[in-house]
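Here's the structure we're looking at; comments come further down.
Number of protein chains: 2
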Amino acid sequence: MNMQTALRSVPPTSPMVRGAARLEASDSCQQIALPSFAAVESAMPWTARRLRRGAYLYRAGMPSTALYVVRFGCLKSSLAADDGDERVLDFPMRGDLLGADALAGQPCATDVQALEDSEVLVLPVSDFESACSRTPGLRQDLYRHFGTTLRKEREHLMRLGGMRAGQRLARFLLELSDRFAAFGYSPRVFNLRMSRAEIGSYLGLTLESVSRLFSRLKDDGLIRVDLRKIELLEVAALRAIAAGHELPHEVASGAVA
Amino acid sequence: MNMQTALRSVPPTSPMVRGAARLEASDSCQQIALPSFAAVESAMPWTARRLRRGAYLYRAGMPSTALYVVRFGCLKSSLAADDGDERVLDFPMRGDLLGADALAGQPCATDVQALEDSEVLVLPVSDFESACSRTPGLRQDLYRHFGTTLRKEREHLMRLGGMRAGQRLARFLLELSDRFAAFGYSPRVFNLRMSRAEIGSYLGLTLESVSRLFSRLKDDGLIRVDLRKIELLEVAALRAIAAGHELPHEVASGAVA
DNA sequence: CGCGGTATTGAATCAAGTCAAACTTCGTGG
DNA sequence: CCACGAAGTTTGACTTGATTCAATACCGCG
């Protein structure tokens, strides 16, 4: 397909896009999804693949040939509903594992598109599977990955069913905050990589509702928001909203405690 | 339908509930989730466990020790939202695999309760894991299982986000119909095992809405419904609704066939 | 028989969606 | 570098689908 597009336009600094086995511990990308990955004894060939903003890693229906671990950037996995328009399922970021359908020998189930310039580690499925057969720890990691993925989906289900719009958005912001924090970035100030429409699709809301909710949070002094620049001002209050306490009513008029 | 094996209650003294390795092909329970399970060469100890209506297979937070495959019956997996009330995540039935958290060494993530008298196959996790290490096919099945589970969750996500209430219920009914059909039961006439409240929780609706929607479908002549007894009369029209075409307008007015 | 859990139905309310318009930002190419 | 058009965002007015509250009916069961 479009292998050429973003494939190996590798940084001039590192001539080695290919490697085998053990990555340095500092390469934290796989630490999260596959902690024991670095400990794999046998050679495990891998490739890096760069994606420009807007480029697709793969699309639904394509034969799946590899697993991917996000090294940096932010992507969007989505699926076209039968009524045509897309529904956003997740925003994979550093450390997230993608393309697990490959393990089941099934075609790609979703579209995955880069929201900003990103890079993923490519793990050919056959290599991975054979590594799995040799390495219980890797299997374990994989199970854990599936477990946490399912858990996240479940939580997402909770969000969509029976949760007010404000609650959903508050959760979304806090989740993003946590993820950025885990990367060592600021949990209070960050840039959204996705549009209002994409957030809305993810949360089961319209883009207008998302916009309105942002404005509301801003008016209430809980966040600062300018386009995609976000700053969380009252995390405690946000947590309260996320927990369902719609508003402790006139939260902190002056109390920044 | 419920084979005699079902009649073995579970007195601790009964040696008959234990077995090893290859189950008969007729024991279709694992065919669905784990096709190659029956082909496992080495001994794979298993136990059957019966659950009375209302009994819990496990509860969220409990240490997980085994995988389960439903042999017959209908269960409910749910999770208490932080606001207290429970959210139904799934209605596992024959062939469905439960408790995959065990593989990741994590505690049970959900509550699982029997909606009617049910039986599950118990597969101790250590045995299962060792069988996995020896049997690529079993691993493959497992991957496939995770793949389809994720796919189902995704579909469920689609339902909850951006889908009208009528659409959700229509989908729910058709999905049930398909599952029953796969079991060899009638896809047109069946009994709901769950209450309106549970359906509502599953679909992200209130029980009143569910009730109303049932009545509406009945009035429109698409289904016959009496409490939990369901008969699908106009499957095509239901599919149309499920697909988003709200109503092909005055469907078959007169055809109560 | 009457009781408790379950289901249906109605009326009023409200949250979120829809439609529409104005405005800002961003990227592209002149 | 600026201008332009496309895309993204905000905001308003209005509509509506679904919830909420509440009353009633029903089934199954002891």
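Those sequence lines, one after another, are chains F and D. The opening position of the first sequence corresponds to residue 2 in our numbering, with each subsequent residue numbered one higher. The opening position of the second sequence corresponds to residue 2 in our numbering, with each subsequent residue numbered one higher. Cβ coordinates follow ideal geometry from the N, Cα and C atoms, glycine included.
Check	Outcome
Looking at the structure shown, is F147/D part of a helix, part of a strand, or coil, going by DSSP?	helix
Is E42/F helix, strand or coil by DSSP?	Caution is warranted here: a pLDDT of 43 is assigned to E42/F, below 50, making its placement in the model unreliable, and no coordinate value can be reported.
Based on Cα-Cα distance, which residue from V89/F, L52/F and L151/F lies nearest to S196/F?	V89/F
Short of 6 Å in beta carbon distance, which residues of its chain neighbour Y57/F, apart from the five on each side in sequence? Order them along the chain.	Q114
Buried or exposed: A182/D, going by 16 or more other Cβ atoms within 10 Å of its Cβ?	exposed
Between S178/F and chain D, is any beta-carbon pair separated by less than 8 Å?	no
With three or more beta-carbon pairs closer than 8 Å as the criterion, would you say the stretch 138-145 of chain D touches the stretch 211-218 of chain D?	no
Out of L193/F, G201/F and G163/F, which has the shortest C-alpha to C-alpha gap to L177/F?	L193/F
On the three-state DSSP scale, how would you describe Y59/D?	strand
Give the DSSP-derived three-state secondary structure of S187/F in the structure shown.	coil
Below 8 Å on C-beta distance, what does M195/D contact in chain F?	The premise fails here: M195/D is roughly 15 Å from chain F at the closest Cβ pair, so nothing lies under 8 Å.
Can you find a C-beta in chain F that's less than 8 Å from the C-beta of Q114/D?	no
For R160/D versus R172/D, is the C-beta distance shorter than 8 Å?	yes
Can you look up E209/F in the DSSP assignment and give me helix, strand or coil?	helix
If we cut at 8 Å on Cβ distances, does E247/D have a partner in chain F?	no
Output, in chain order, the set of chain F residues within a Cβ distance shorter than 8 Å of C133/D.	R140
Give me the Cα-Cα distance between S131/D and L124/D, rounded to the nearest whole angstrom.	12 Å
Indicate the three-state DSSP secondary structure (helix, strand or coil) for L139/D in the structure shown.	helix
Does E120/D come out as helix, strand or coil in the three-state DSSP assignment?	strand
State yes or no: is the beta carbon of D83/F nearer than 8 Å to at least one beta carbon in chain D?	yes
Helix, strand or coil for E25/F per DSSP?	With a pLDDT of 45 at E25/F, under the threshold of 50, the modelled position of this residue cannot be trusted; read the value that follows with caution. Looking at E25/F - three-state DSSP - the assignment turns out to be coil, as it is neither helix nor strand.
Nearest by alpha-carbon distance to S78/D: which of L122/D, D97/D and G167/D is it?	D97/D
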